[in-house]
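This report refers to the structure that appears directly beneath it.
Now the structure itself:
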């Protein structure tokens, strides 16, 4: 597990995303070891990293801009767990919490200029769990991205590389 | 982030490199406002050097797109790849920006 704690301000966004990018590579390399044994199928690096980095970037923005109101009055603690089958990232902050269910989906047809952050997070991650902080406990955002192939080309490659009976996760 | 604006006779080329995000989008905004104020009708946004974009960066480009269109012009976004292209596709902006051909 990797732990990083930074002030909740946009100035630390790039540092956090570099760490996340690096963790994606670690998760993939952990996956490569078990992929050889046919236990897991790996996604291509670029979309996997792009999607995880996009999601965490939006989550960090939300905390810095809305949770702490741009004032960096608290910290963001990240916990990154790369595993062969999935990458889990937990963000904790003590800023203002929000109700994810009260955030409407953006109306993409009308080209919104804001309100796309949570949509990006939900679209790119497989699991999004948000627990608002209470009684001094921090807000907890838990994000999971599964290791799996998504494109048809990747699927056929996976079939060629491993047991034909094994279905992609 | 680095950016440059080059005005040709007909086309304005805006090149944005590096990261266009919540941190850097405010630096680009005055240039976008000026392009609109100058009533440039044909704007090409070259993103071939863009490494990362977030929803704030997207918001800035969409705002430019809408305002130039409202003045009867057009904005063509080209050169997006990797993470920025993934975001444009998710938000269905690849077709809007003309980025699908990259």
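Residue numbers (our numbering), protein chains in the order written: chain G, 4 to 172; chain H, 11 to 112.
C-beta atoms are modelled at their ideal positions from N, C-alpha and C, and glycine is treated no differently.
Would you identify the three-state DSSP class for residue 76 (chain G), choosing helix, strand or coil?
-> In the three-state reduction of the DSSP assignment, residue 76 (chain G) falls in the coil class, being assigned neither a helical nor a strand state.
Apply the 10 Å Cβ neighbour rule to residue 84 (chain H) and answer buried if 16 or more other Cβ atoms are within range, or exposed otherwise.
-> Taking every protein chain shown into account, the CB of residue 84 (chain H) has fewer than 16 other CB atoms within 10 angstroms, so this residue is exposed.
With residue 73 (chain H) and residue 42 (chain H) assumed to form a contact (beta carbons below 8 Å), what rounded beta-carbon distance in angstroms separates them?
-> Right, the Cβ-Cβ distance comes to about 7 Å (below 8 Å), so this counts as a contact.
Buried or exposed: residue 21 (chain H), going by 16 or more other Cβ atoms within 10 Å of its Cβ?
-> Classification of residue 21 (chain H): exposed, given that the 10 Å Cβ count is below 16.
Taking residue 89 (chain H) as the reference, which of H:107, H:18 and H:76 has the closest Cα?
-> Here the closest residue by C-alpha is H:107.
Have a look at residue 27 (chain H) and residue 24 (chain G) and give me their C-alpha separation to the nearest angstrom.
-> Each residue's alpha carbon lies about 19 Å from the other.
Output the boundary residues of the beta strand (DSSP E) element that contains residue 148 (chain G).
-> 142-149 is the extent of the beta strand (DSSP E) around residue 148 (chain G).
Return the residues of the stretch 117-134 of chain G that lie within a Cβ-Cβ distance of less than 9 Å from chain H, sorted by chain order.
-> Along the stretch 117-134 of chain G, the positions whose C-beta sits under 9 Å from a C-beta of chain H are 117, 118, 119, 120, 122, 123, 126 and 127, read in chain order.
Apply the 10 Å Cβ neighbour rule to residue 16 (chain H) and answer buried if 16 or more other Cβ atoms are within range, or exposed otherwise.
-> Residue 16 (chain H) comes out exposed.
What residues in its chain sit with their C-beta under 8 Å from that of residue 64 (chain G), if we drop five residues either side in the sequence?
-> Closer than 8 Å at the Cβ level, and outside the excluded window around residue 64 (chain G), lie 13, 16 and 120.
Kindly say whether residue 33 (chain H), judged by its beta-carbon, lies nearer than 7 Å to any beta-carbon of chain G.
-> Chain G, which has a Cβ nearer than 7 Å to the Cβ of residue 33 (chain H), makes this yes.
Thinking C-beta only, is residue 124 (chain G) closer than 7 Å to residue 30 (chain G)?
-> Not closer than 7 Å, so no.
Between the stretch 102-115 of chain G and the stretch 84-93 of chain G, do at least 3 Cβ pairs fall closer than 8 Å?
-> With the cut-off at 8 Å, the stretch 102-115 of chain G and the stretch 84-93 of chain G do not touch.
Report the option in H:31, H:82 and H:44 whose CA atom is closest to the CA atom of residue 24 (chain H).
-> The closest CA to that of residue 24 (chain H), considering only H:31, H:82 and H:44, is found on H:44.
Does residue 24 (chain G) get closer than 7 Å to chain H when you measure Cβ to Cβ?
-> False, the Cβ-Cβ gap to chain H never drops below 7 Å.
Using DSSP with H/G/I as helix, E/B as strand and the rest coil, what is residue 116 (chain G)?
-> The answer is coil: DSSP assigns residue 116 (chain G) none of H, G, I, E or B.
List the whole-angstrom C-beta distance separating residue 96 (chain H) from residue 53 (chain G), where the pair is believed to meet the contact cut-off of C-beta under 8 Å.
-> Their Cβ separation, rounded to whole angstroms, is 4 Å, which keeps residue 96 (chain H) and residue 53 (chain G) in contact under 8 Å.
Return helix, strand or coil for residue 65 (chain G), following the three-state DSSP convention.
-> Reduced to three states, the DSSP call for residue 65 (chain G) is helix.
Using DSSP with H/G/I as helix, E/B as strand and the rest coil, what is residue 85 (chain G)?
-> Judged by DSSP in its simplified three-state form, residue 85 (chain G) adopts strand.
Beta-carbon proximity check, residue 71 (chain G) vs residue 98 (chain G), cutoff 7 Å = Contact flag set, yes.
Where does the unbroken beta strand (DSSP E) through residue 75 (chain H) begin, and where does it stop?
-> No beta strand (DSSP E) contains residue 75 (chain H), which is instead part of the alpha helix (DSSP H) from 65-80.
Under 9 Å by beta carbon: chain G residues contacting residue 43 (chain H) | Here the premise fails: no neighbours, minimum Cβ distance about 14 Å.
Cβ neighbours of residue 129 (chain G) in the same chain (closer than 8 Å, five flanking residues each side left out) | Correct list, in chain order: 89, 147, 148 and 149.
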